[in-house]
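**Q** Okay, handing you the structure first.
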Amino acid sequence: MSVSNRTKNQHLLWRSAFGPMAENVASLDTMSPKILWPLLVKTSAKPVVKIEVTKNPADEYMMGVTDPKEIQKKLQDPALRKKLREQSRDDLKMMNIRWLEMMVNSEAQLREKMSLFWHGHFACRSQNSFFAQELLQIIRTNALGNFGDMLKAVSKSPAMLAFLNNQQNKKSHPNENFAREVMELFTMSRGNYTENDVKEAARAFTGWGFNAKGEFMFRKNQHDTGSKTFLGKTGNFDGDDILNMLLEDKQTANYISKKIYRYFVNEDVDEKNQQWLSSRFYINNYDISKLLEDIYSSDWFYEEKNIGNKIKSPVELLAGIRRLLPMQMENDQSQLLFQRGLGQVLFYPPNVAGWPGGKSWIDSSSLMLRLRIPQILTANEVMDIMPKADDDVMMGQMMEAAAKKLRDTVKGGTASIEWIAVNKIFEKTSREKLLENIADTVLQTKSQVSNAVLDKYINTASRENYIKSTVVNLMATPEYQLC
Amino acid sequence: MVIKRKEFLQIGSLATASLMMPKFLKAFEKPMMVPPGNKVVVVIQFSGGNDGLNTVIPVRNDIYYRERPKLGIVKDKSLLLTDEVGLNPALEAFKGLYDDGSLAIMNSVGYPNPDRSHFRSMDIWHSASESNEYVNTGWLGRYLDAQCKGCDKPTQAMELDDVLSLALKGEENKGLAFKDPKKLYNTSNGHFIKDVNADHKPGEETIDYLYKTMSATLSSADYIYQQSKVHPTSQTYPNTGMGKDLKTIASLIMSDINTKVYYVSLGSFDTHVNQDNQQKRLFTELNDAVKAFTSDLKSNGRFNDVLMMTFSEFGRRVTQNASNGTDHGTANNMFFISGGLKEKGVLNAMPDLTDLNDGDLKHKVDFKNVYATVLNKWLAADDKMILGNKFSYLNFI
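From first to last, the protein sequence lines are chains A and B. Note that numbering that gives the first Met the number 0 has the first sequence beginning at 0, numbered continuously upward. Note that numbering that gives the first Met the number 0 has the second sequence beginning at 0, numbered continuously upward.
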C-alpha cells in the first residue's frame with residue numbers, strides 16, 4: 000500500500016512539529032513533503048524570541064547593590080527568600096503557559112519541537128525561575144544549532160550547576176554528580192566509561208560554579224590543578240577539556256543520534272539508518288540542523304512502518320489538539336492540570352534522565368483522562384481530577400486546599416473552539432467523502448475506527464455538527480494517542 | 000460482564016438472606032465470604048518527608064531535647080511504649096496496636112548517599128534503585144510484571160488516587176489508580192469507548208498495547224465496582240480522605256477480588272514551618288482512619304492477612320529550624336501493622352543522635368531489605384528478580 004501525500008505530510012508535521020494546523024490542512028493533499036520540509040526549516044530560521052517572564056532577582060531586589068558578595072548576603076534574608084520562592088512558583092507556571100502557547104501558535108515549529116526534546120534531554124529542575132528561564136533560552140537558541148555549543152552552555156548554566164551540585168564540587172570535597180550525569184545522560188551513556196573516569200572528570204570540573212547574579216564563575220582556588228587520566232588520556236584537564244573529549248568520542252554522536260532516532264523516527268531502531276545518521280552527525284561536527292535534514296529528507300522516514308506508531312507525549316497531545324482545533328483557552332490552570340494528570344509538566348521532569356516516554360506515558364488513569372480530554376475541552380466538562388502533590392513545588396502547603404482551589408477555577412469552562420476554522424478545512428469535501436477525509440486528517444494509524452461504530456455517535460443534524468462530532472469522537476480514541 | 004459463579008451466589012444469597020434469614024444466621028455468613036490466607040499489603044505513603052523523630056520519640060535522649068527546644072515532645076505528653084520510646088500524642092490508635100502486639104517499628108531506614116530533594120528521593124523509594132541510578136519502573140510494578148503474566152485485569156495492585164505512582168508502574172503491567180469505585184465505573188462506562196473497544200482488531204504492537212490497557216480498565220472498572228458493593232462494611236469510618244480510602248480498601252479486602260497490593264498517600268508532611276499543627280492534623284486523620292480500618296479487619300477475621308506499612312521519602316534534620324519546623328533529612332522510621340507479625344514492638348535501636356552525618360541520621364537498614372522481606376515472605380514473590388539484587392530478609396513477618 001502506498002502512503003498518501005497527506006499522511007506523509009502529517010507524519011512530518013507530527014514528528015518535526017506539533018501536528019497539522021487547521022488553516023494549512025487543506026493544502027496537504029497536493030504538496031509534496033519535499034516542499035513542506037524546507038518550509039519548516041525556513042519558518043524556524045528567524046532569531047529566537049525569548050520567553051521572558053521574570054527579571055534577575057539580583058537586579059530587581061538589590062536597590063543598586065552590584066557586588067555579588069553583597070547580593071549573596073541580601074539574598075539570605077528569610078523574608079526575601081520566601082518571597083522569591085513563591086514568585087518562582089508563579090513564574091514557572093507562567094513560563095509553562097507561554098511556551099505551550101508557542102508550541103501551538105509559533106511558526107518556528109521545528110525549533111520549538113526540538114527544544115521540547117532538548118528540554119527532556121538536558122532535564123533540569125530549578126526552584127529559581129530566573130535560572131530556569133535562562134536555561135530554556137540556551138536550549139531554544141541552540142535547539143537547531145550545534146550540539147557541542149549547547150552542551151557547553153548548558154553545563155555552565157546556573158540552573159544545571161545547581162541542580163547537579165557542581166556548585167559544591169571543590170578540590171577538597173569533589174562532588175561527582177555533574178561529572179557522572181554529563182557522561183551517563185548528556186553524552187555517552189552507561190557502559191562507555193569507568194568509575195575512575197567519573198572521579199577524574201569530577202576533579203576537572205572542580206571550581207565550576209556561579210555567583211549570586213547567576214553568572215558562571217571559575218573559582219580558581221577550588222579547582223584541582225593536578226594531573227588527571229580521563230578516557231585513557233592524561234593531562235592537566237579542566238571542565239572544558241572534558242566536554243571536548245566527550246564530543247571527540249564517537250560514542251556521543253552515536254548515543255545522541257540513536258536517542259533522536261527513537262524519539263522522532265521509531266522506537267524500534269533500524270541499525271543501518273541510525274549508524275548512517277551517527278557517522279554523518281559526527282562528520283558534520285554535531286550540527287543538529289544537518290542531522291534533521293538527513294532524517295526528514297530521507298525516503299525511509301516516510302516508510303509505512305515509521306508512521307502512526309509513536310505515543311504522543313502529553314504536551315504533544317495537548318498542543319496537537321489545539322493546533323487542529325483553534326481555541327481560546329479560558330483558563331490557563333486547566334493546561335497545567337492536564338499536564339499533571341497525564342504526567343508531563345514542563346520544567347518539572349521526573350529526574351535528570353528526563354521523561355522516559357513511550358509506553359510509560361500510558362496507564363489506566365492517564366489513558367482514560369487522555370480519552371476524555373477532547374470532551375472536556377469541547378463540551379466544557381468539569382475537570383474532576385486531583386493530581387498528586389509535588390512537595391518540591393508546594394513547600395508543604397496544604398495540598399487538598401490548593402487542589403480544591405485549582406479545581407474550582409477549572410470549573411465553568413476551559414476553552415472555546417473556533418469551529419468555523421475547522422469547518423473550513425473540509426469545505427470542498429463532498430458529503431460522501433466527509434467521514435473518510437476527517438478520519439485521514441485526525442488519525443495517522445493504520446488501525447482505524449470503523450464507520451459502523453462512528454455512525455452510531457455522529458451527530459447528523461447539520462454539516463457543522465457532523466464535522467464537530469466526528470472530530471471530537473475520533474480524538475477520543477486510542478488511535479489518536481499515536482502519531 | 001462475566002459474573003463468576005461464586006459472586007453470583009453471594010449476591011443472590013445476600014438478597015434473599017436479608018429478607019428471610021434470622022439475624023443470628025446472617026452473622027455466620029460474613030467470614031465465609033473471604034478465603035483466608037489471601038495476603039494483602041497496604042502501603043501508606045507519607046508524602047513530603049515525615050519527621051520521624053517526632054513520630055517515634057526518643058524520650059530519654061538529651062540531644063533530642065537540646066536540638067529541639069521548641070519542637071521536642073516531652074515524655075509526659077508522648078504515648079509511652081517503653082522507658083525510652085514514646086509515640087506522637089496524635090497516634091493513640093497506634094499505641095493500642097502496639098499494646099495488643101500488632102504494631103512493629105523499624106528505625107533508621109534509608110539508603111546510601113541520600114538525596115534531599117522530595118521528587119528524587121521519592122523516585123528512589125518508588126523504583127527501589129540506588130541513588131545514582133535512574134529506573135523507570137517501580138518495585139510494585141515489577142512485582143506485577145513477575146506475577147502477572149497473562150493477567151487480564153490490572154487489579155492485582157491498586158492505588159487510591161487519580162494519578163498512578165511510579166511505584167506501581169511495571170515494564171509490561173501497571174497498577175490501577177482510582178479515587179473511588181463509583182467514579183471509576185462512571186468514567187469508564189461511556190458507550191462510545193465500549194463500542195470502539197469491542198470493534199478493535201489486533202494488529203500492531205503499540206496500538207494493541209493501548210487497547211489492552213483500555214480494555215483492562217473497562218473490565219476492571221466493572222469488576223471493582225461490583226466487588227466493592229458485595230460487602231458494604233458496617234464499620235463507621237471518619238469522613239476524611241484517608242477514612243474514605245481505607246473504607247474502600249476494606250470493602251475490597253472483604254470481597255474476593257484478587258488484589259494483593261493497595262497504595263494510598265497522605266500529605267503534605269513537608270513541615271518547614273509550624274510543624275506541630277500540620278503533623279498533628281495529618282496524624283489525627285491517619286490515626287482515626289487506621290483505627291476504624293483495623294477494627295473492621297479484626298471483626299471480619301482478616302487482620303492476620305493484611306500488612307500495612309508506612310514510609311516517607313526521607314526523615315528530617317535533627318535540629319529544628321528557626322520557623323518552628325524542620326528541614327529535609329535522611330533516614331526515617333517505618334510502621335508495620337498486622338495481626339500476623341512475627342516480631343512486634345520496637346524492632347531495632349533508636350537512632351543514635353551522637354553519630355550523625357552532617358546533622359542527619361545515618362541509615363542502619365536499607366529500605367530494599369524491607370521490600371525484599373515483604374515481597375518474599377508476605378507476597379511469596381521472587382524478590383531477587385524484582386529488585387535486581389539479593390537483599391537479606393528481616394524477621395518481622
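Heads up, the beta-carbon is just placed ideally off N, CA and C, and yes, glycines get one too.
1. With the cut-off set at 8 Å, would you say A92/B and T283/B are in Cβ contact?
2. Exposed or buried, what is L79/A when buried is set at 16 or more other beta-carbons lying within 10 Å of its beta-carbon?
3. Taking only runs that begin and end inside the stretch 190 to 227 of chain A, name each unbroken beta strand (DSSP E) of 3 or more residues, in chain order.
4. For the stretch 177 to 194 of chain A, enumerate the residues whose C-beta is nearer than 7 Å to any C-beta of chain B, in chain order.
5. Alpha helix (DSSP H) containing A460/A: first to last residue?
6. Out of K467/A, D148/A, L453/A, Y479/A, state which residue places its alpha-carbon closest to the alpha-carbon of D194/B.
7. Using a Cβ-Cβ cut-off of 8 Å, state whether M474/A counts as contacting chain B.
8. When the Cα of T459/A is compared with those of A451/A, T469/A, N450/A, which residue comes out closest?
9. Going along chain A, which residues have a C-beta under 7 Å from K279/B?
10. Look at the alpha carbon of G48/B and the alpha carbon of N273/B, and state the distance between them as a whole number of angstroms.
11. Determine whether the beta carbon atoms of Q108/A and L39/A lie at a separation below 8 Å.
12. Three Cβ pairs or more, each shorter than 8 Å: is that satisfied between the stretch 161 to 176 of chain B and the stretch 355 to 368 of chain A?
13. Can you give me the C-alpha to C-alpha distance between D255/B and K38/B, rounded to a whole angstrom?
14. Identify, in the order they occur along the chain, each residue of the same chain with its Cβ nearer than 6 Å to the Cβ of M216/A, setting aside the five sequence neighbours on each side.
15. Take every Cβ of the stretch 219 to 228 of chain A, pair it with every Cβ of the stretch 180 to 193 of chain A, and state whether three or more of those distances are shorter than 8 Å.
16. In chain B, what lies closer than 8 Å to D28/A by C-beta?
17. Looking at chain B, is there any beta carbon in it that lies within less than 8 Å of the beta carbon of V64/A?
18. Does any CB atom of chain B fall closer than 8 Å to the CB of S487/A?
19. Taking C-alpha atoms, which residue in Y142/B, R115/B, V42/B lies nearest to D382/B?
20. Cα separation between K389/B and E129/B?
21. Taking DSSP's pairing of strands, which residues face R315/B in a bridge?
22. Under 7 Å between beta-carbons, which chain B residues line up against P477/A? List them in chain order, please.
23. With distances taken Cα to Cα, identify the nearest neighbour of S14/A among M94/A, L276/A, M61/A, M102/A.
24. Within the stretch 183 to 270 of chain B, note down every full alpha helix (DSSP H) run reaching 4 residues or more, in order along the chain.
25. Tell me whether the beta-carbon of A122/A lies closer than 8 Å to the beta-carbon of N350/A.
26. As a quick exercise: from P350/B, K361/B, G314/B, pick the residue whose alpha carbon is nearest that of H117/B.
27. Hey, out of E463/A, F346/A, K151/A, M385/A, whose CA is closest to R88/A's CA?
28. Are the beta-carbon atoms of I310/A and T205/B separated by less than 8 Å?
29. Closest to P180/B by CA distance: which of C147/B, D198/B, A220/B is it?
30. If you measure from the beta carbon of Y456/A to each beta carbon in chain B, is any gap under 8 Å?
31. Going by alpha carbons, who is nearest to N53/B out of G324/B, A380/B, P111/B?
32. Give me, in chain order, the residues of the same chain whose beta-carbon lies closer than 6 Å to that of V448/A; leave out the 5 immediate sequence neighbours on both sides.
33. Hey, which unbroken runs of the alpha helix (DSSP H) at 4 residues or more fall wholly within the stretch 422 to 480 of chain A?
34. Tell whether a beta-carbon distance below 8 Å holds between H271/B and S322/B.
35. In whole angstroms, what separates the C-alpha of T320/A from that of P373/A?
36. Would L175/B pass as an interface residue toward chain A - the criterion being a Cβ-Cβ separation below 8 Å?
**A** Inspection of the coordinates gives the following:
1. no
2. exposed
3. 207 to 209, 215 to 217
4. R179
5. Per DSSP, A460/A belongs to no alpha helix (DSSP H) and is neither H nor E.
6. L453/A
7. no
8. T469/A
9. None at all; the shortest Cβ gap to chain A is about 13 Å.
10. 15 Å
11. yes
12. yes
13. 12 Å
14. G208, F209, N210
15. no
16. None at all; the shortest Cβ gap to chain B is about 25 Å.
17. no
18. Nothing in the structure corresponds to residue 487/A, since chain A is present only between 0 and 482.
19. Y142/B
20. 14 Å
21. H327/B
22. I206, L209, Y210, M213
23. Checking the sequence shown, residue 14/A turns out to be Arg, not Ser. Cα-wise, what sits closest to R14/A is M102/A.
24. 190 to 198, 204 to 229, 240 to 252
25. yes
26. G314/B
27. F346/A
28. yes
29. A220/B
30. yes
31. G324/B
32. T476
33. 430 to 441, 450 to 456, 462 to 474
34. yes
35. In the sequence as displayed, the identity of residue 320/A is Ile instead of Thr. Going from the Cα of I320/A to the Cα of P373/A covers about 8 Å.
36. yes
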